[in-house]
Structures are given as C-alpha cells and as structure tokens.
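Accompanying notes for the structure given below.
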Amino acid sequence: MIGRKYPAVHKTLDALQGLLQSGHREFMHDYNAVQQVYKQTGDVRQAWSAYYHIILDSLSDSFGKDECIARLLYFVERNEIPRFSDRKLPPKNRFIKG
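First residue of the sequence shown? That's 3 in this note's numbering, and the numbers climb one at a time after it.
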C-alpha cells in the first residue's frame with residue numbers, strides 16, 4: 003500500500019500482544035496512535051503504515067485473517083478507506099477508532 007514495510011511501527015503498535023494476545027488492540031490501535039507515530043517520526047509514510055495496520059486488525063476481527071487484505075483493497079477501491087498519499091496524514095474514518 004505504501005511501497006515499503008515499517009517493522010518498527012508494527013512492533014510499537016503490537017508491543018503488548020505477548021502479554022494481552024488479541025486484547026492488545028485496546029491499546030495503540032486508534033487514531034491517536036497514528037498521530038503519535040507521526041509526532042515521533044515526522045514521517046507521513048510511517049503514519050500511514052500505522053493507519054493501515056490498525057484498519058487491517060479491525061477488518062481481521064470482523065472478517066477473519068484470510069479475508070482482511072481483500073476487504074482492505076475492496077474498501078480502498080470504493081473510496082471508503084483512503085488511498086495512501088505522501089502529501090497528507092491519513093484522515094479519521096469509520097474503520098479506525100478515535
């Protein structure tokens with residue numbers, strides 16, 4: 003979606019996974035986390051990486067792990083989830099809390 007991976011972003015968002023399993027998504031999985039990633043890195047691409055990570059986790063909860071990427075692409079194509087832009091931060095939408 004962005005053109006490269008940002009493992010540090012994913013590691014940060016999922017830092018509590020080992021302790022809380024799927025309950026880790028109660029923390030650092032909202033729009034505030036996207037803003038925090040941007041504030042810490044100053045990198046719009048990393049903010050988008052966090053954004054899509056959180057949305058994929060939400061879609062995985064709703065549709066299952068095997069279907070979440072297809073759903074993400076479907077919702078992007080329908081303009082229900084915004085396409086990546088290196089010129090602006092991702093906006094809030096119905097797929098992400100906060």
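Glycine included, each C-beta is placed from N, C-alpha and C at the ideal position.
These figures come from a predicted structure and were not determined experimentally.
Do you know how far the Cα of residue j is from the Cα of residue i?
i	j	result
Leu22	Lys41	26 angstroms
Ile83	Ser24	23 angstroms
Ile60	Glu69	Here the sequence assigns Ser to residue 60, which means Ile is not the residue at that position. So the two alpha carbons sit approximately 12 angstroms from each other.
Lys94	Ser64	19 angstroms
Just confirm the distance between the C-beta atoms of residue i and residue j, as a whole number of angstroms; I'd bet it's less than 8 angstroms.
i	j	result
Gln19	His26	4 angstroms
Please state whether DSSP places residue i in a helix, a strand or coil.
i	result
Asp59	helix
Tyr8	coil
Ala17	coil
Ile98	coil
Asn81	coil
Arg27	helix
So, at 7 angstroms on beta carbons, what are the nonlocal neighbours of residue i in its own chain, with the 5 sequence-adjacent residues on each side left out?
i	result
Trp50	Ile4, Phe86, Pro92
Ala52	Val11, Leu15, Ala35, Val36, Val39
Apart from the five residues on each side of it in sequence, which residues of its chain come closer than 6 angstroms, Cβ to Cβ, to residue i?
i	result
Phe77	Ile83
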